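Here the protein sequences come in this chain order: A and B.
The letter at position 236 of the first sequence is residue 235 when you use numbering that gives the first Met the number 0, and the numbering goes up by one with no holes.
The letter at position 299 of the second sequence is residue 298 when you use numbering that gives the first Met the number 0, and the numbering goes up by one with no holes.
Glycine included, every Cβ here is placed at the ideal spot set by N, Cα and C.
Everything numeric in this text was worked out from a predicted model, so none of it was measured.
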Amino acid sequence: MSLDSLNVALALPEIFLLVMACLVLVIDVYLPAEKRNFSYVLTQISLIVALVLIVSSPVETRQLAFNDLFIRDPMANALKSFILMISFGIFVYSREYLLDRNIFKGEFYVLSLFSIVGMMLMVSANNMLMLYLGLELLSLCLYALVAFNRDDGNASEAAMKYFVLGALASGMLLYGMSILYGLSGSLQFSEIATAVGNSSDTAQHIGMIFALVFIVVALAFKLGAVPFHMWVPDVYQGSPTAVTSLIGTAPKLAGFAMIMRLMVEGLGGLQTDWQQMLIVLAILSMAVGNIVAIAQTNLKRMLAYSTISHVGFILLGFIAGTAEGYSSAMFYTITYALMALGSFGIIMLMAKKGFEADNISDYSGLNQRSPWFAFIMLILMFSMAGVPPTLGFWAKLAVLSAVVDVNMTWLAVVAVAFSIIGLFYYLRIIKVMYFDEVTDETPIECGRDMQITLSANGLAILALGVYPASLMALCIAVFA
Amino acid sequence: MFADLPLLSLLVWLPILGGMAVLLSGDKGDSTGVRVLALVISVATFVLSLGLFTGFDSSISAMQFEEMAAWIPAFNINYHLGVDGFSMPLIILTAFTSILVIIAGWDVIQKKPAQYMASFLIMEGLMIGVFAALDAMFFYVFWEAMLVPMFILIGVWGGVRRVYATLKFFIYTFIGSVFMLVALIYMYYQGGSFEILDMQHMPLSMQEQTFIFFAFLMAFAVKVPMWPVHTWLPDAHVEAPTGGSVILAAIMLKIGAYGFIRFSMPIAPDAAQHFDWLIILMSLIAVVYIGFVALIQKDMKKLVAYSSIAHMGFVTLGLFLVFQISSNPAKIGGHGAALAVEGAMIQMISHGFISGAMFLMIGVLYDRMHTREIMAYGGVVHKMPIFTGFAVFFSMANAGLPGTSGFVGEFMVIIAAFHANFWYAFLAAMTLILGAAYTLWMVKRVFYGQVANDSVRALTDINARELSIMAMLAVAVLVLGLWPAPVIDIMHATVENFLQHISVTKLSLN
Numbered sequence: 000m001s002l003d004s005l006n007v008a009l010a011l012p013e014i015f016l017l018v019m020a021c022l023v024l025v026i027d028v029y030l031p032a033e034k035r036n037f038s039y040v041l042t043q044i045s046l047i048v049a050l051v052l053i054v055s056s057p058v059e060t061r062q063l064a065f066n067d068l069f070i071r072d073p074m075a076n077a078l079k080s081f082i083l084m085i086s087f088g089i090f091v092y093s094r095e096y097l098l099d100r101n102i103f104k105g106e107f108y109v110l111s112l113f114s115i116v117g118m119m120l121m122v123s124a125n126n127m128l129m130l131y132l133g134l135e136l137l138s139l140c141l142y143a144l145v146a147f148n149r150d151d152g153n154a155s156e157a158a159m160k161y162f163v164l165g166a167l168a169s170g171m172l173l174y175g176m177s178i179l180y181g182l183s184g185s186l187q188f189s190e191i192a193t194a195v196g197n198s199s200d201t202a203q204h205i206g207m208i209f210a211l212v213f214i215v216v217a218l219a220f221k222l223g224a225v226p227f228h229m230w231v232p233d234v235y236q237g238s239p240t241a242v243t244s245l246i247g248t249a250p251k252l253a254g255f256a257m258i259m260r261l262m263v264e265g266l267g268g269l270q271t272d273w274q275q276m277l278i279v280l281a282i283l284s285m286a287v288g289n290i291v292a293i294a295q296t297n298l299k300r301m302l303a304y305s306t307i308s309h310v311g312f313i314l315l316g317f318i319a320g321t322a323e324g325y326s327s328a329m330f331y332t333i334t335y336a337l338m339a340l341g342s343f344g345i346i347m348l349m350a351k352k353g354f355e356a357d358n359i360s361d362y363s364g365l366n367q368r369s370p371w372f373a374f375i376m377l378i379l380m381f382s383m384a385g386v387p388p389t390l391g392f393w394a395k396l397a398v399l400s401a402v403v404d405v406n407m408t409w410l411a412v413v414a415v416a417f418s419i420i421g422l423f424y425y426l427r428i429i430k431v432m433y434f435d436e437v438t439d440e441t442p443i444e445c446g447r448d449m450q451i452t453l454s455a456n457g458l459a460i461l462a463l464g465v466y467p468a469s470l471m472a473l474c475i476a477v478f479a
Numbered sequence: 000m001f002a003d004l005p006l007l008s009l010l011v012w013l014p015i016l017g018g019m020a021v022l023l024s025g026d027k028g029d030s031t032g033v034r035v036l037a038l039v040i041s042v043a044t045f046v047l048s049l050g051l052f053t054g055f056d057s058s059i060s061a062m063q064f065e066e067m068a069a070w071i072p073a074f075n076i077n078y079h080l081g082v083d084g085f086s087m088p089l090i091i092l093t094a095f096t097s098i099l100v101i102i103a104g105w106d107v108i109q110k111k112p113a114q115y116m117a118s119f120l121i122m123e124g125l126m127i128g129v130f131a132a133l134d135a136m137f138f139y140v141f142w143e144a145m146l147v148p149m150f151i152l153i154g155v156w157g158g159v160r161r162v163y164a165t166l167k168f169f170i171y172t173f174i175g176s177v178f179m180l181v182a183l184i185y186m187y188y189q190g191g192s193f194e195i196l197d198m199q200h201m202p203l204s205m206q207e208q209t210f211i212f213f214a215f216l217m218a219f220a221v222k223v224p225m226w227p228v229h230t231w232l233p234d235a236h237v238e239a240p241t242g243g244s245v246i247l248a249a250i251m252l253k254i255g256a257y258g259f260i261r262f263s264m265p266i267a268p269d270a271a272q273h274f275d276w277l278i279i280l281m282s283l284i285a286v287v288y289i290g291f292v293a294l295i296q297k298d299m300k301k302l303v304a305y306s307s308i309a310h311m312g313f314v315t316l317g318l319f320l321v322f323q324i325s326s327n328p329a330k331i332g333g334h335g336a337a338l339a340v341e342g343a344m345i346q347m348i349s350h351g352f353i354s355g356a357m358f359l360m361i362g363v364l365y366d367r368m369h370t371r372e373i374m375a376y377g378g379v380v381h382k383m384p385i386f387t388g389f390a391v392f393f394s395m396a397n398a399g400l401p402g403t404s405g406f407v408g409e410f411m412v413i414i415a416a417f418h419a420n421f422w423y424a425f426l427a428a429m430t431l432i433l434g435a436a437y438t439l440w441m442v443k444r445v446f447y448g449q450v451a452n453d454s455v456r457a458l459t460d461i462n463a464r465e466l467s468i469m470a471m472l473a474v475a476v477l478v479l480g481l482w483p484a485p486v487i488d489i490m491h492a493t494v495e496n497f498l499q500h501i502s503v504t505k506l507s508l509n
């Protein structure tokens, strides 16, 4: 086989990022502590260059590389671009946070870069093995990152929990995949889809559903859907906020891609079967996420439950099972990742040396201390609650209309009922910021880079909410 | 005068962008600048809104000043604005009232004046957007978005229990409206369009209409508010700053009634006809029962809040009487129905002026005495004669004295109610007694008698700023009361068209 047929060029962004990750790893060893900023700058440049590489080579149709292991299609391009942009934001927000805690180390950037490569591979997987490798690359880096601040007991506990449950989920996934391989004789999604289509005899069909159950459970674990959500609150709360923001944002996009590749492209023939499972997961996630979030006093923990409820909404798009449904789920996932990024950004903005700013009461009277960032947080919270004219409203509208379109209006009614419950705890944050008296008068200080990025992040939620057509059109074009 | 301008877009965006500018100018240093800027923007908006009045053709029922552009092609959502005889007077009312609240907060608000003024301006633009939007999703965006500034206003500048009141306000309204959202999405998939006018002409089965009607009812009944979902209103009013109460009573409540006119009745006419007894019942309970509740209030703001609920009962009563009048050909038929709807509209506008005036009046007293308890007052007339003159006038208007605008709307609705059913009219007319009782009793206790205590003795009469607000409102109440014909003329063609539309069943379209 010649090198040409491998189509290496298609994977150029991933290869580039991988090389840069190794480079940062090597260079960082020789850097004195006061020049650590170089690793940070190099990381950010790599992300920007990788983004440019992706955006500058748009693809119209699906293109395969590495003997059909690797796929590049419009969806992959769009998701990878957002993964890179969001990661860029995370690094900007976390720089001062890490400095304050003496964990501004090269390892953070190296592990993060590897996890980003993992996400990109998941997005581009055309083969179960590829998908699994990408997932493990991502997960292993995240386990290490959670425990990154090694003197912190909570973080170590969170890492342990995350690792054990994550490994369990990976095991489930592997088990499901191996059954599927046994039944279809292939690891390629397209060939699995053919096998599913041809599985006329009942015994084989039951085997497929058996495999499907394991796969759905594993995906639910990774996404944090109820009843497989137990790790989410503890990991969100225990991790350093910089790492929480990495766990809570970009991997959701990779998770979306994982469902698309595995369930829709591979097991699309079993749609009526997984649809029922997802309905249960979605309703439970929206219910538990929204109701339990009300009781939280820790903002990171509250956001964890909020994630769970948002996952329920994302699943609604898949439940619809139409092209509109998938594009609405993608729209929702991107929207959610941007909102979560901004929220964690605010937490890192408020955090100081020896002060995590992760209690809701720490935000008392933020409007007195910093009207501008209180306003940004206001936008983010209203967006999470789905109040127009913010982007979060359109995301909810998109998934709800996808569900109504397939004559499941009852599901839309259930979803809006839970979103009313959800409204309460987002409003509470605004209440604390605007209506409560200020307890800590110290002004909020941060670098210009963070101010600009965080403002842009928040205002983008508002601006895209006023004019959502472009982002919506992007998500629809991907599935056209 | 403004014929070649995109007038409605200007009316929506000028206050919103102006409010943003006020917000960005910040609360540092001297705040006179932001106050003047806010006033200039609100006056400019009002002047522009008069262009709607001068350029309006009252002989046709079609939408006027239409503007349309694609907004979100993926969902066929358009940036579609336009006004007819229902929405145009309400837009002018909104612009007018916004000037008053800016002036009313001039000296009183010392805490973050820029944010305060900006909230009102942004809310003004959003409320005008609600009245002008002709695309259902566009409408919904404004409808929900306008809750945000009000939430902040009550929560930041409100009274002691402001957090409770504002959360209750927001969540109540949100609960109502999300079900409307599902109904709108449902109709989009049935008819392929979010255009309100398309929805009005779309065929729907009785079952669909019933679901849609109740989904809308949840949204609009909370907003009006109708008994038994009115409980957020007294709390919100009592805790809101004066300006917030004025906007809430004068404009926001009207948006609920406007929703019935624009959505519920034309989109689901058969369901509306089938369930009109329910709305009439709820309205009459509001008029009679809430009237009694108002009688026993000790807090002036709460009293006026309950009186607002009773007066809004007239609006919903007038709107939903039409089915019974039309189906009763022995009476004067269509003319009576028009009387009912026009009476409801006049009542809406009049209540905008009067309730605004009542809350401003209480605000004047509160700014001086920092209490709203009726018991804390007495003999105010001896210290504030000019103010008392206005207060008595507005109270009379609130009680429905002939010659004031309060009389016209109520009288029209009561006359129309006679065409439907004697007992409706009888119960509705109770308001003339109850309204007079609770309003005048309050006036007697607050303004007359001996000077009650030293704080009353220290009162000073209203200054020029307060006088200007009172005078503007008094003129409005008198003009509308003595000569309502121009306003009725504006909406007459629209009302006829509306009645024609809702009298045709949608069931035969299938």
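Please list the terminal residues of the continuous alpha helix (DSSP H) segment that includes residue i.
{"i": "I184 of chain B", "result": "R161 to G190"}
{"i": "V140 of chain B", "result": "A135 to A144"}
{"i": "M407 of chain A", "result": "First-last for M407 of chain A: undefined, no H or E at that position."}
{"i": "E13 of chain A", "result": "L11 to V28"}
{"i": "F372 of chain A", "result": "P370 to A384"}
{"i": "S456 of chain B", "result": "Position check: residue 456 of chain B holds Arg in this sequence, whereas Ser was assumed. From DSSP, the alpha helix (DSSP H) with R456 of chain B extends over D453 to R456."}
{"i": "G89 of chain B", "result": "Correcting the residue type first, residue 89 of chain B is Leu in the shown sequence and not Gly. Start and end: S86 to A103."}
Applying a beta-carbon distance threshold of less than 8 Å, which residues of chain A neighbour residue i?
{"i": "R161 of chain B", "result": "F434"}
{"i": "I413 of chain B", "result": "By Cβ distance, chain A contributes nothing, its closest Cβ being about 38 Å from I413 of chain B, past 8 Å."}
{"i": "L180 of chain B", "result": "L396, L399 and V415"}
{"i": "P72 of chain B", "result": "A468 and A472"}
If the cut is a Cβ gap below 9 Å, which residues of chain A does residue i touch?
{"i": "L166 of chain B", "result": "F423, L426, R427 and K430"}
For the beta strand (DSSP E) holding residue i, just list the boundary residues, first then last.
{"i": "F64 of chain B", "result": "Q63 to I71"}
Leaving aside the five residues before and after residue i along the sequence, list all residues of the same chain whose C-beta is less than 6 Å from its C-beta, in chain order.
{"i": "L318 of chain B", "result": "F259 and A343"}
{"i": "M145 of chain B", "result": "M122, L125 and M126"}
Excluding five sequence neighbours on each side, which residues of the same chain lie with their C-beta closer than 7 Å to the C-beta of residue i?
{"i": "G25 of chain B", "result": "A113"}
{"i": "M331 of chain A", "result": "Met is not the amino acid found at residue 331 of chain A; the sequence shown has Tyr there. Cβ neighbours of Y331 of chain A beyond the five flanking positions: F312, I313, G316, A394, A397 and V398."}
{"i": "L302 of chain B", "result": "A293, Q296, Y437 and M441"}
{"i": "K330 of chain B", "result": "Because K330 of chain B sits at a pLDDT of 47, beneath the cut-off of 50, its placement in the model cannot be relied upon, and the point is left open."}
What residues of chain A sit near residue i, judged by a beta carbon separation below 7 Å?
{"i": "G154 of chain B", "result": "K430, Y433 and F434"}
{"i": "Y288 of chain B", "result": "Residues of chain A passing the Cβ test: none, with the nearest at roughly 28 Å."}
{"i": "F219 of chain B", "result": "Those within 7 Å of F219 of chain B in chain A number zero; the least Cβ separation is about 17 Å."}
I want to verify the contact list: residues of chain B whose CB lies under 7 Å from the CB of residue i, in sequence order.
{"i": "S418 of chain A", "result": "V177"}
{"i": "D404 of chain A", "result": "Y188"}
{"i": "F381 of chain A", "result": "V147"}
Just the chain B side, please: which residues come within less than 9 Å of residue i by C-beta, in chain order?
{"i": "T296 of chain A", "result": "Within 9 Å Cβ-Cβ: nothing; T296 of chain A doesn't reach chain B, min ~17 Å."}
Quick one: list the residues of chain B neighbouring residue i, beta-carbon separation under 8 Å, in chain order.
{"i": "V386 of chain A", "result": "E143, A144, L146, V147 and F173"}
{"i": "T408 of chain A", "result": "V181 and Y185"}
Tell me which residues of the stretch 187–208 of chain B have at least one Cβ-Cβ distance to chain A shorter than 8 Å, keeping chain order. Y187 and Y188
Inspect the CB distances between the stretch 204–213 of chain B and the stretch 136–144 of chain B and report whether three or more fall short of 8 Å. no
Of all the residues that make up the stretch 446–479 of chain A, which are near chain B by a beta-carbon distance shorter than 7 Å? P467, A468, M471, A472 and I475
Closer than 8 Å is the cut-off here; do at least three beta carbon pairs connect the stretch 180–191 of chain A with the stretch 239–248 of chain A? no
Specify whether the stretch 273–290 of chain A and the stretch 341–357 of chain A touch according to this definition: at least 3 beta carbon pairs, one from each stretch, less than 8 Å apart. Taking 8 Å as the limit for Cβ pairs, the verdict is that the stretch 341–357 of chain A does not touch the stretch 273–290 of chain A.
Residues in the stretch 128–150 of chain B having any Cβ partner in chain A nearer than 9 Å: M136, Y139, V140, F141, W142, E143, A144, L146, V147 and F150
Decide if the stretch 85–93 of chain A is in contact with the stretch 206–215 of chain A; the criterion is three or more beta carbon pairs, one per stretch, under 8 Å apart. no
Check whether the stretch 440–454 of chain B and the stretch 375–382 of chain B are in contact - that is, three or more C-beta pairs closer than 8 Å. yes
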